[in-house]
Every structure is written in structure tokens, then in C-alpha cells.
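A.B. asks: Residue numbers (the working numbering), protein chains in the order written: chain G, 209 to 730; chain L, 32 to 320. Got a structure for you, questions after.
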Amino acid sequence: MAAFGTLSDRLTATFRNLRGKGKLTPADVDGTVREIRRALLDADVALEVVKDFTGQVRERALGDEVNKALNPAQQVVQIVNDELIRILGGQQRRLEFAKKPPTVIMLAGLQGAGKTTLAGKLAKWLAKEGHTPLLVASDLQRPNAVTQLQVVGEQAGVPVYAPEPGNGVGDPVKVARDGVKEAERKQYDTVIVDTAGRLGIDAELMKQAADIRKAVDPDEVLFVIDAMIGQDAVTTARAFQDGVDFTGVVLTKLDGDARGGAALSVASITGRPIMFASVGEGLDDFEPFHPDRMAGRILDLGDILTLIEQAQQAFDEDEARKTAEKLATDSFTLDDFLKQMQQLKNMGSIKGMLGMLPGARGMREQLDNFDEREITRTEAIIQSMTFAERTTPKLLNGSRRLRIAKGSGTTVTDVNQLVQRFEQAAKMMKTVAKGGVPQVPGMGPIPGASYVGKKKQQAAKKSRSGNPAKRAAENAALAAGAAKAPAGVGGSGFGLGGGGGAGGDGGPTEEELAALQRMLGR
Amino acid sequence: MAASWSLGSALRGMFSRAKIDEETWTDLEDALISADFGPDLTDQLVDELREKVAKYRTDDPADLQRMLRETIEERLARLDPTLALSNRPAVVLVVGVNGVGKTTTIGKFAKFLRNYDRSVVVGAADTFRAAAVEQLATWAERAGAEVVRPQQDGQDPASVAFQTVEKAQREGIEMVLIDTAGRLQTKSGLMDELAKVRRVIEKLAPIAEVLLVLDATTGQNGLAQAEAFIEHAGVTGLVLTKLDGSAKGGFVLAVQEKTGIPIKLIGQGEGIGDLTGFTPHVFAQQLVG
Numbered sequence: 209m210a211a212f213g214t215l216s217d218r219l220t221a222t223f224r225n226l227r228g229k230g231k232l233t234p235a236d237v238d239g240t241v242r243e244i245r246r247a248l249l250d251a252d253v254a255l256e257v258v259k260d261f262t263g264q265v266r267e268r269a270l271g272d273e274v275n276k277a278l279n280p281a282q283q284v285v286q287i288v289n290d291e292l293i294r295i296l297g298g299q300q301r302r303l304e305f306a307k308k309p310p311t312v313i314m315l316a317g318l319q320g321a322g323k324t325t326l327a328g329k330l331a332k333w334l335a336k337e338g339h340t341p342l343l344v345a346s347d348l349q350r351p352n353a354v355t356q357l358q359v360v361g362e363q364a365g366v367p368v369y370a371p372e373p374g375n376g377v378g379d380p381v382k383v384a385r386d387g388v389k390e391a392e393r394k395q396y397d398t399v400i401v402d403t404a405g406r407l408g409i410d411a412e413l414m415k416q417a418a419d420i421r422k423a424v425d426p427d428e429v430l431f432v433i434d435a436m437i438g439q440d441a442v443t444t445a446r447a448f449q450d451g452v453d454f455t456g457v458v459l460t461k462l463d464g465d466a467r468g469g470a471a472l473s474v475a476s477i478t479g480r481p482i483m484f485a486s487v488g489e490g491l492d493d494f495e496p497f498h499p500d501r502m503a504g505r506i507l508d509l510g511d512i513l514t515l516i517e518q519a520q521q522a523f524d525e526d527e528a529r530k531t532a533e534k535l536a537t538d539s540f541t542l543d544d545f546l547k548q549m550q551q552l553k554n555m556g557s558i559k560g561m562l563g564m565l566p567g568a569r570g571m572r573e574q575l576d577n578f579d580e581r582e583i584t585r586t587e588a589i590i591q592s593m594t595f596a597e598r599t600t601p602k603l604l605n606g607s608r609r610l611r612i613a614k615g616s617g618t619t620v621t622d623v624n625q626l627v628q629r630f631e632q633a634a635k636m637m638k639t640v641a642k643g644g645v646p647q648v649p650g651m652g653p654i655p656g657a658s659y660v661g662k663k664k665q666q667a668a669k670k671s672r673s674g675n676p677a678k679r680a681a682e683n684a685a686l687a688a689g690a691a692k693a694p695a696g697v698g699g700s701g702f703g704l705g706g707g708g709g710a711g712g713d714g715g716p717t718e719e720e721l722a723a724l725q726r727m728l729g730r
Numbered sequence: 032m033a034a035s036w037s038l039g040s041a042l043r044g045m046f047s048r049a050k051i052d053e054e055t056w057t058d059l060e061d062a063l064i065s066a067d068f069g070p071d072l073t074d075q076l077v078d079e080l081r082e083k084v085a086k087y088r089t090d091d092p093a094d095l096q097r098m099l100r101e102t103i104e105e106r107l108a109r110l111d112p113t114l115a116l117s118n119r120p121a122v123v124l125v126v127g128v129n130g131v132g133k134t135t136t137i138g139k140f141a142k143f144l145r146n147y148d149r150s151v152v153v154g155a156a157d158t159f160r161a162a163a164v165e166q167l168a169t170w171a172e173r174a175g176a177e178v179v180r181p182q183q184d185g186q187d188p189a190s191v192a193f194q195t196v197e198k199a200q201r202e203g204i205e206m207v208l209i210d211t212a213g214r215l216q217t218k219s220g221l222m223d224e225l226a227k228v229r230r231v232i233e234k235l236a237p238i239a240e241v242l243l244v245l246d247a248t249t250g251q252n253g254l255a256q257a258e259a260f261i262e263h264a265g266v267t268g269l270v271l272t273k274l275d276g277s278a279k280g281g282f283v284l285a286v287q288e289k290t291g292i293p294i295k296l297i298g299q300g301e302g303i304g305d306l307t308g309f310t311p312h313v314f315a316q317q318l319v320g
């Protein structure tokens, strides 16, 4: 996931110029601020936010605190980071649920922002969190939006209330009101109201949205905005704030390479927090938004916390322990290899995970070439083996390999490669299991960023959450993640990377492995 | 006609001043940046205008306004915005990222062609997004065009495209419009799929136009989108949609200049008739006022 990629590239390049200087002169600061301004404008951050931002940075950078500092470049990173967090809305906030169910969540936004898809993702996420959501189809404007919501609902396994066929027929306000009643009657605890996309300047449709809001009195109104939007984000956000007065923002299409700057300005201009980020086309590609972490991502400090959280969700502790035992007793088989790989797949997009790592910038191109279907192919090969073959790979002679290749629709070369990778992985993991934890005390070497490395170590170790309880929990989670991780994921990463990338050689493998271990094996 | 996306209001203040001063230039820069022209192009435009103002020794803001309009128009007019639809059937492939309005554009474009009494068939090769086929079918019906649907869920888009062109050839339909699923330009697998659709169509007939749909609200990412789609789908023209909002779509100028692909159509509303050909003169006039 190259979210904000180019912005972090720009800022990193800017800071490189500052490195090695003992002190900051006003000219340095002006030069840096100009670069930051340009980088932010290129990233579609709204002009007024940019002005505000650069003003603050300049002021603070010229203050005493910097001149006394040992490493001024570090200080500027800190200042920019602080300011970015401030712009991003400061604190993360969770959905507020009504004391008396159902909790009503209304979605609003421009056409094509991704509301309907998001409705499905949100519903699925809520269901996973133990809620019973009901989707309400109040977009009666766009042709077949209702059908789309029904399909999405089916995929998410969530019921859809759609009494009207749509395509301009029916009263969306009434549908929304009835939807909430329906939820009360059938005891759903959350209601997600999908509304028609509208332009900020379309007074009539805006009034309709306001009417829906009035009719259902939602607990949350989420403004869905495309991460690719340009300077117009400000106008649009203001219009929606005046029109429906949203309570939170959802950023979509963050999996593209849009720098997403303008969407960030929305939070600062409207004072509403960005609550969720949508990072892919699958219904699971959806996560709570963490402003503090995102700021770190912009500065290319990586997003270690999100990563670990995701890893923990998918990672089965028992499995990990079993694997470790097997490694110690030398009985690691292809079956285990397959299991690990499937676990890794459960974590969601591997590209996404790797993209969040600090210093992953250089790998971005390799990541883009990385084909996740490789996992599926590997699965097919292993599943085409007999049980005996899986436990004793030594059995695999030429004719067996040919049979497996035929059975899995691959070639003997593929099978050979897999076996080879498995052997390497098993060997490597044995080292890990026997205590040879890879030497990555901090975040390991990051190309051309030695001092950032030091910073990262701190940043990664502590949760930046302002909520003490949450911070404690996250820190504990970090420690837990560090304790259990090395054995399992390292090997899978190895096996995967080897096959990844069309025509790729072993190059990315080492890096991916190192990257994964860097974050989990620390 | 004062289009809603005009820079007019942003510029009014500066053109109503008595003469051109430093503040005028700052305002101009801000206005251009706010219209999504991007920092590079804004610098270029401002420098160019400063030069012209110095050359003609004027300090009248009205002159500056005229120069701005002319500069933008001249840049936009460097490429030919005419659609090349002389093949029979003329196959038009419509591509773009998610949510820019591809399906809607096809509906409007079909209507646009029907108004010239051309027979049109649309191919619903967006087999990915839920209900995209139905959405397209609704539009096609409104436009009076025929539609080719996938025979089963999740059918290969290339095969739908193939069947559509085949039908057109068989029945002598003049125009073929093919809808594709929205895809972010960073997903290389999906971009390859687009190249495949292209290859498969070309087995039957040459592709007349590949139109890349760009959303006017997009910021500087528009350029990255255009570059990726040109590489994978061989884009021959740009369509700018959602100009009926408050976005100015200034990034298309940068796109056109950097890629050499002309803007061919613009969408300015939700009605089926709200798609028009692109005229640099009118566009510049509306933008600058």
C-alpha cells in the first residue's frame, strides 16, 4: 500500500538535505518550508491548510528549541510530525453507539466516493465486532444502486432493507425512516443508511440528505471521501458540513497511490475526525483510521502498530507454538508450511502489510510486482501432494513431481522451486527457533537514514495513543507480538517472497523476510 | 454562461483591483492552485504571464485576465479534440479508476451518438462491481442502445467485449462502447487485464478510441492515473466528468501537456444529455470568465 507514498518520498528527500548539518539557519528553514509547502500541494493538501501548516513549522523551527538541539534535522522531523498529527485531527475516535439500540449510521458523500461499497465493508466489520447490522438502501437516485447494495449485503452476510426499486422511484426519506423502524422491530442493533451521492452545490439533493438526517436522527453521520480528491475537498467538506453536519470522515481508495492530502485537510477544516480508512476492493479491506500513525506513515516512519494489530488478529497463537515445537524437534513439514501461508493470507494484503513498514519505500516497486496469487498457486501444489509426501518431502522424485505439477496445473519447475524454498525456509527457521533471532534490535538498517532509525525505535516501542488505558494495552500487545512472532511468519514470508514478482529473482525475498522479521521478530 | 466551476469568484477580487501588483500575483497563484492546476503548472503559468505583462508593459488587470484566458486556451488547443469514429464498427473502450463515472459516461455517450442517429451497442464488461451490469443496462435503455451482458457472474471481461464487437459486426451496428470495471492504477494485475481486453478486441476489429474517464474533483493523482492507463490501455482521449460540481479540474491541463493525450469529452451534469464535445475556447472562457 503506497498510501501517501509520494508525500513521504518528498518529505524524506527534503529532510535528507538537512542531514549532517550541525545547526539550522533561517535560510535552511525557509528552504525546507518551501519544499514542504510544495510537497503538500503536490499531495493535494488544501492551500489554506498548507499555509497554516508551513507557518507553524517555520515558527517552531526558528524557535529556540531547535537551535539548542543536537540534531536539528531530527527536530524538524519532530515538528513536522507533530503538526501533521495536529492536522490529521489529533486523536482517533471510535464509533459511538446509541444507549438504546438501534444505533443509526448514515453515509453521505459525493458520487463515486465509494459509499455503497463502504456500507458493505462497515456492515461486515460491525458484524465481526459482534453487532447485528441492517443495511438500508436510501440511494434511489443512481441506476441500480439498490441492487448493488443488495449484492454487497449478500457478500457481507448482512440483511438489506430495500423496499423501493430505486432508479429514481421512491422516497429515500421514507425508506430511511422505515428502515430504522424495521431494525427496531427485528432487533438489529445497528442500521447503516446508504444515501445517494450528491454534489456539494446541489441544494436540492443536499436538502434531501438533511431531511434523511432529520428523519432518522443518526448517532453518526459519516462523510465518505475519496483519497484522490484535489483542492475541491475543502469546498465539498464545507458544503456537507453545512448540509448534513457529519460527525466523522471515512477515507476511501487509500490503496491507490493518491497522496490523500486533501482528505487530510478535511479533518482540520471541519474539525471532524477521520474514523475509518478503506484500503482495497475486498470487503475486509477496511480499518479504523489512526491519525497519529498516519502521520508517521507520511514521514515514512512506517505504521508498525497497525501492522502488529493486524498480525495478531490473524495469527493463531496455538499454531505458532506448535510450529515452534515442530521446528525444535525437526519435524516441520510441507503441511505446516501450507498452514503458515494460509495464516499469512488471513492477515490481508501482504502488500499492504509490507507497505506499512518503515523504510519500505525502496521496495514499493517490488511490492507492486508482487503477485498475491502466488500463495494460491503454492497452496495448489502442496494440496496436490499425498500426505506422505507432505510429511516427508524427500520422497518427491521425478515422477511424483510430474504428477503434482499436473494435478495443480503448474509445471515441474514450479514444484521444484517450491520444494527448494521450503527447504531453505525450514533451515532458516530452525536457526530462528534455536534462538538465533535475526539481528534487528531496533528497526534494523534503513538505507540512508541512520538517524531516522534511532527515532523509529522509539516511535515503534510506544503507543502514541493519548488514552492511557489504550496506550497500555497497545504496549502490552507490542510486547506480546514481539515475544511470539519470529518462528511462524518468517518462514512463510520467505516462501512467498521467493515466488513473488513476475520474473523476479531472489532479491525481494531477502528484503521481505528481513522486513517481516524486523516487525515481528523484534 | 457562468459555469459553476468557473474560477470567476476566485479571480474577481484580483481583476477588480486598479492595477497589477504583487498581491495580484499571489492571488493568481492561489487561485490556480485551488483549481488543482498543481504547483508546477501554476509556476509555469504565473511566470509566463509575468513575462507577458512585462513585455506589453501593462498594469491593467483586465489585460491580465485576457492573457490568462488566452494562455490557457492556447495550451488546451495544442491537441486535436476530435473523436476518431470513422471505423465501422467504431469500437470505443472506456477505462478509469473506481467511481469516476465510467458507466454514466457511457450512457451519456450512447445518447450523444444516438442523437446523431448512429446505432449503438454497449458491452457490460464491468463484471466485477456489484450491479454494474444492471446500471449500464438502465442507461443503455434510456439512451436507446442495445446492450450485451455477461452470460454468467464474474465472466471474463475480455470475452464480454469480444461478444459485443462480434454482435456489432454481425448486425451491422455502427458504434460499440465497452464499459470496464474501475481499477486503481496501482493494481498491476487489473491493469494487465485491461491490456488483455484490448488484445482480444483487436482480434476482431481495431479499437477506434480508448477513453480515460477522469473525475474533475481529482487532484494531482490524475496524472499518475493517466500515465498508468496510457501505458496499459493505450488511451487516446480523456473525458472529464463531474464538472457540474465546484471542482475546476485544472489538473487535466497538466495531464494533457505531460501525456500529449487530448481531452475529448466533458460531462457537466447528471442528465443524460449533459455530455458534450470539448472546445478549448469555451472551456477557457468558462474557467477564467
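Here a beta-carbon is modelled for each residue, glycine too, at the ideal position from N, C-alpha and C.
Near Val257/G, which residues of its chain fall below 6 Å by C-beta distance, leaving aside the five closest residues on each side in sequence?
C.D. replies: Excluding positions up to five away in sequence, the list reads Ser473 and Ser476.
A.B. asks: In the region 161-193 of chain L, which residues sit with their C-beta less than 9 Å from some C-beta in chain G, listed in chain order?
C.D. replies: Cβ contacts with chain G come from Ala161, Ala162, Ala163, Val164, Glu165, Gln166, Leu167, Ala168, Thr169, Trp170 and Arg173.
A.B. asks: CB-CB under 6 Å to Asn375/G, same chain, minus the five flanking residues each way: which ones, in chain order?
C.D. replies: Excluding residues within five positions, the ones whose Cβ falls inside 6 Å are Pro351.
A.B. asks: If contact is defined by three or more beta carbon pairs under 8 Å, each pair taking one atom from either stretch, is the region 264-282 of chain L in contact with the region 145-165 of chain L?
C.D. replies: Short answer: they don't touch.
A.B. asks: Note down the Cα distance separating Asp91/L from Ala447/G, rounded to an integer number of angstroms.
C.D. replies: Cα to Cα, Asp91/L sits roughly 35 Å from Ala447/G.
A.B. asks: When we look at the beta-carbon of Arg48/L and count the other beta-carbons within 10 Å, is it buried (16 or more) or exposed?
C.D. replies: Exposed, because fewer than 16 other Cβ atoms sit within 10 Å of the Cβ of Arg48/L.
A.B. asks: Using a threshold of 8 Å, state whether the C-beta atoms of Val404/G and Asp347/G are closer than that.
C.D. replies: Residue identity check: residue 404/G is Ala in the sequence provided, not Val. A contact, by the Cβ cut-off of 8 Å.
A.B. asks: Given that Ile64/L touches chain G, what residues does it touch there, using C-beta distances under 8 Å?
C.D. replies: Leu249, Leu255 and Gln439, listed in chain order.
A.B. asks: Could you tell me which chain L residues have their CB closer than 7 Å to the CB of Asp493/G, listed as they occur along the chain?
C.D. replies: Under the 7 Å cutoff, chain L gives no residues; its nearest Cβ is about 12 Å from Asp493/G.
A.B. asks: Check whether the region 316-328 of chain G touches the region 413-433 of chain G, counting contact only when three or more Cβ pairs, one atom from each stretch, lie closer than 8 Å.
C.D. replies: These segments touch.
A.B. asks: With DSSP as the reference, identify every bridge partner of Ile51/L, one or two as the case may be.
C.D. replies: Paired residues: none, contrary to the question.
A.B. asks: Can you grab the Cα-Cα spacing for the pair Ile437/G / Phe309/L, in whole Å?
C.D. replies: Between Ile437/G and Phe309/L, the C-alpha separation is close to 23 Å.
A.B. asks: Can you pull the chain L residues whose beta carbon is under 9 Å from the beta carbon of Ile295/G, in chain order?
C.D. replies: Within 9 Å Cβ-Cβ: nothing; Ile295/G doesn't reach chain L, min ~16 Å.
A.B. asks: Going along chain L, which residues have a C-beta under 9 Å from Thr262/G?
C.D. replies: Ordered by position in chain L, no residue passes the 9 Å Cβ test against Thr262/G, which lies about 13 Å from the chain.
A.B. asks: On the three-state DSSP scale, how would you describe Val487/G?
C.D. replies: In this structure, Val487/G counts as coil in the three-state DSSP scheme.
A.B. asks: Is the shortest distance between the beta-carbon of Ile589/G and the beta-carbons of chain L less than 8 Å?
C.D. replies: Not closer than 8 Å to any Cβ of chain L, the Cβ of Ile589/G fails to qualify, so no.
A.B. asks: Taking all protein chains shown into account, decide if Glu301/L is buried (16 or more other Cβ within 10 angstroms of its Cβ) or exposed.
C.D. replies: That one is buried.
A.B. asks: To the nearest whole angstrom, what separates the beta carbons of Glu53/L and Thr73/L, a pair I think is in contact under 8 Å?
C.D. replies: In fact, because the Cβ distance is near 16 Å, the residues do not count as touching under 8 Å.
A.B. asks: Less than 8 Å separating the beta-carbons of Ala634/G and Phe540/G?
C.D. replies: Yes; because the gap between Cβ atoms is below 8 Å, this pair is in contact.
A.B. asks: How is the alpha helix (DSSP H) around Val286/L delimited, first residue to last?
C.D. replies: Unbroken alpha helix (DSSP H) run through Val286/L: Phe282 to Thr290.
A.B. asks: Quick one: which chain L residues come within Cβ less than 7 Å of Leu407/G?
C.D. replies: By Cβ distance, chain L contributes Asp275 and Gly276.
A.B. asks: Determine which residues of the region 247-263 of chain L have a Cβ less than 7 Å from any Cβ of chain G, and write them out in chain order.
C.D. replies: Residues passing the 7 Å Cβ filter: Thr248, Thr249, Gly250, Gln251, Asn252 and Ala255.
A.B. asks: Quick one: grab the DSSP three-state call for Ala171/L.
C.D. replies: Residue state, collapsed to three classes: helix.
A.B. asks: Anything in the region 278-311 of chain L with a Cβ closer than 7 Å to a Cβ of chain G? List those residues in chain order, please.
C.D. replies: From the region 278-311 of chain L, only Ala278 and Phe282 have a Cβ closer than 7 Å to chain G.
A.B. asks: Apply the 10 Å Cβ neighbour rule to Ala235/G and answer buried if 16 or more other Cβ atoms are within range, or exposed otherwise.
C.D. replies: It is exposed - the Cβ of Ala235/G has fewer than 16 other Cβ atoms within 10 Å.
A.B. asks: Determine, using beta carbons only, whether Val125/L comes closer than 8 Å to chain G.
C.D. replies: No - not a single Cβ of chain G is within 8 Å of the one on Val125/L.
A.B. asks: Out of Pro309/G, Met549/G and Lys259/G, which one is the CA nearest neighbour of Ile295/G?
C.D. replies: Ranking the options by Cα distance to Ile295/G, first place goes to Lys259/G.
A.B. asks: Would you say Ala327/G and Asp250/G are within 8 Å of each other, going by their C-beta atoms?
C.D. replies: Cβ atoms of Ala327/G and Asp250/G: not closer than 8 Å.
A.B. asks: Please return the same chain residues whose Cβ sits closer than 8 Å to the Cβ of Leu357/G, not counting the five positions on each side in sequence.
C.D. replies: For Leu357/G, where only same-chain residues beyond five positions count, the Cβ hits under 8 Å are Thr324, Ala327, Gly328, Leu343, Ala345, Asp347, Val368, Ala370 and Asp402.
A.B. asks: Under 8 Å between C-beta atoms, does Asp10/L make it to chain G?
C.D. replies: Here chain L comprises residues numbered 32 to 320, so residue 10/L is not present and cannot be evaluated.
A.B. asks: Taking Cβ-Cβ distances below 9 Å as the criterion, which residues of the region 110-144 of chain L are in contact with chain G?
C.D. replies: Those residues of the region 110-144 of chain L that come within reach of chain G (Cβ to Cβ, closer than 9 Å) are Val128, Asn129, Gly130, Val131, Gly132, Thr134, Thr135 and Gly138.
A.B. asks: Going by the beta-carbon positions, is the gap between Ala163/L and Ala174/L smaller than 8 Å?
C.D. replies: Contact flag unset, no.
A.B. asks: Could you tell me the distance, in whole angstroms, from the CA atom of Ile204/L to the CA atom of Asp440/G?
C.D. replies: Roughly 41 Å between the two C-alpha positions.
A.B. asks: Can you check whether the CB of Arg230/L is closer than 8 Å to the CB of Ala264/L?
C.D. replies: Contact flag unset, no.
A.B. asks: Using the C-alpha atoms, what's the distance from Glu597/G back to Met549/G?
C.D. replies: Their Cα atoms are separated by approximately 18 Å.
A.B. asks: Is the CB-CB distance between Ile209/L and Val123/L below 8 Å?
C.D. replies: Yes; because the gap between Cβ atoms is below 8 Å, this pair is in contact.
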